[in-house]
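Residue numbers (our numbering): 102 to 567.
Note that CB positions come from ideal geometry on N, CA and C, so glycine has one too.
See below for the structure under consideration.
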Ligand SMILES: [Zn+2]
């Protein structure tokens, strides 16, 4: 990476532009911030988000951010922070977001300490290296660079540091409705979106921008029965009844769906793929009514979720003793609902598929459905320019998220959100939430460049008047 930075430095210096001249210094600072925040165990229950906010606010103040441009918030037992870089024009602000919290990691299960940044074999290891402390470091590095280079954005830039993305997303809700943020024109989320490298060759395949998320919803199936002594079986039995309901859920297929975003995504992925799957992807992108193509994709764990709502049994319970007829039996059905479909529509469709009035279907918690963020040509073009700095020519396409981020909170609050981390990785190297999480060292530094380039480009930044 050093070589790349040096090359960049000379190229830019030769062109007479001073903007990237401090690039090596910025990298060292960003790495130092990254190492410090990895050492903080910001998992739910450990109470470390206030310490992280205090540390980051201190770094930013030392870098020239006035205290009045830093706001801290508390919600849901976590602390969050918003930082602003005021614009020279009266235009709606642009929000950049990253989350400081992590899924917990048990040190005894890891090969290396999860709370120490370790650089080894071209990777950074540690909890949060990928999800999402590289994003936090990129936001901090961007703010520091704006200050060091005396850059001023035309439109106000806001930087959100979320405290509880992995759990309640209460701080995200507080950020989305904060007076600085609520009028933001759109948001760039660093927590998703990125480039795929070929597992075998390391060649860049495609760069994905998250523009929508499926709704995460769980439905509880329950059957009750008077029960009795197991030596006197009755005709009806809660466990058998539930088992039959589950087989009907297993057999049920939700209708095939598509929108501009999924067609663009499936078509682009299809163009990069050979064989019957590639053929089906291209055919479906052209004509989503192509039933044969949809059937091929329905059997692919990778693409089924992009073509319809999916539901699957994930938990099971029932009975209370080995010698008693079960009085209850229950199962959890976890669904990933296609954007635009109401949660209750899916609940009723499950009820209809089960077709047994003794099996109740209830919605767990209160799932958040979020709208699709229509792709903006200006944002996609800026992301393309930033990506092509390191990977010229790679296709930049939108995708529908089957997992989940707090982008849905911003979208629901009326702020269109595009997730773009600038990080490239191999699918086999994805260890977010799992053991031995890591990020290629080169990706970390490219991620810094990515967020900085987007902030300069989308914010219309210019050197401050002397
Ligand atoms: Zn995340």
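Could you tell me whether any non-hydrogen atom of ligand 1 is closer than 7 Å to the CB of residue 232?
-> yes
Excluding sequence positions up to five away, which residues of its chain have a Cβ less than 7 Å from the Cβ of residue 270?
-> 507 and 510
So is the beta-carbon of residue 506 under 7 Å away from any non-hydrogen atom of ligand 1?
-> yes
Can you check whether the CB of residue 290 is closer than 8 Å to the CB of residue 520?
-> yes
Closest by CA to residue 223, which one among 542, 482, 201 and 345?
-> 542
Reference residue 243; option with closest CA among 546, 567 and 566 = 546
Straight-line gap, residue 490 to residue 233 (C-alpha atoms, nearest Å) | 22 Å
Identified DSSP bridge partners for residue 475 | In DSSP, residue 475 forms no bridge with anything.
My understanding is that residue 350 touches residue 455, with C-beta atoms under 8 Å, so please give their C-beta distance in whole angstroms.
-> 7 Å
Examine ligand 1 and report whether any of its heavy atoms sits within less than 7 Å of the Cβ of residue 292.
-> yes
Residue 554 to residue 562 span [Cα, whole Å] | 10 Å
Below 8 Å CB to CB, which residues in the same chain sit around residue 123 once its five sequence neighbours on both sides are set aside?
-> Unreliable positioning characterises residue 123 in this predicted model, as indicated by a pLDDT of 47, which lies under 50. The coordinate reading is nonetheless provided below. If we look at residue 123 and ignore the five residues flanking it on each side, its Cβ neighbours are 246, 249 and 250.
Check whether the region 429-445 touches the region 315-324, counting contact only when three or more Cβ pairs, one atom from each stretch, lie closer than 8 Å.
-> yes
When the distance is taken between beta carbons, is residue 522 closer than 8 Å to residue 293?
-> yes
What are the uninterrupted segments assigned as alpha helix (DSSP H) that are 4 or more residues long and contained completely in the region 129-170, given in chain order?
-> 150-163
Give the single residue among 361, 226, 504 and 515 whose Cα lies nearest to the Cα of residue 318.
-> 504
Leaving out five residues before and five after residue 337 in sequence, what residues of the same chain have Cβ atoms less than 7 Å from its Cβ?
-> 326
Residue 538: beta carbon under 7 Å from a heavy atom of ligand 1?
-> no
At least three beta-carbon pairs within less than 8 Å, the region 358-374 to the region 398-417 = yes
Are the beta-carbon atoms belonging to residue 165 and residue 524 less than 8 Å from one another?
-> no
Under 6 Å Cβ to Cβ from residue 480, same chain only, skipping five residues before and after it: list those, please.
-> 519
Which residues in the same chain as residue 476 place their Cβ atom closer than 6 Å to its Cβ, once the five residues preceding and following it in sequence are excluded?
-> 312 and 499
Contacts around residue 235, its chain only, beta-carbon distance under 6 Å, and the 5 residues preceding and following it disregarded = 540, 545 and 548
What three-state label does DSSP hand residue 358 in the structure shown?
-> coil
Closest to residue 465 by CA distance: which of 444, 339 and 275 is it?
-> 444
Classify residue 372 as helix, strand or coil using the three-state DSSP reduction.
-> helix
For ligand 1, any of its heavy atoms closer than 7 Å to the Cβ of residue 200?
-> yes
Compute the Euclidean distance between the alpha carbons of residue 207 and residue 215, then round it to the nearest angstrom.
-> 8 Å
Nearest residue (CA-CA) to residue 411, options 352, 422 and 469 = 352
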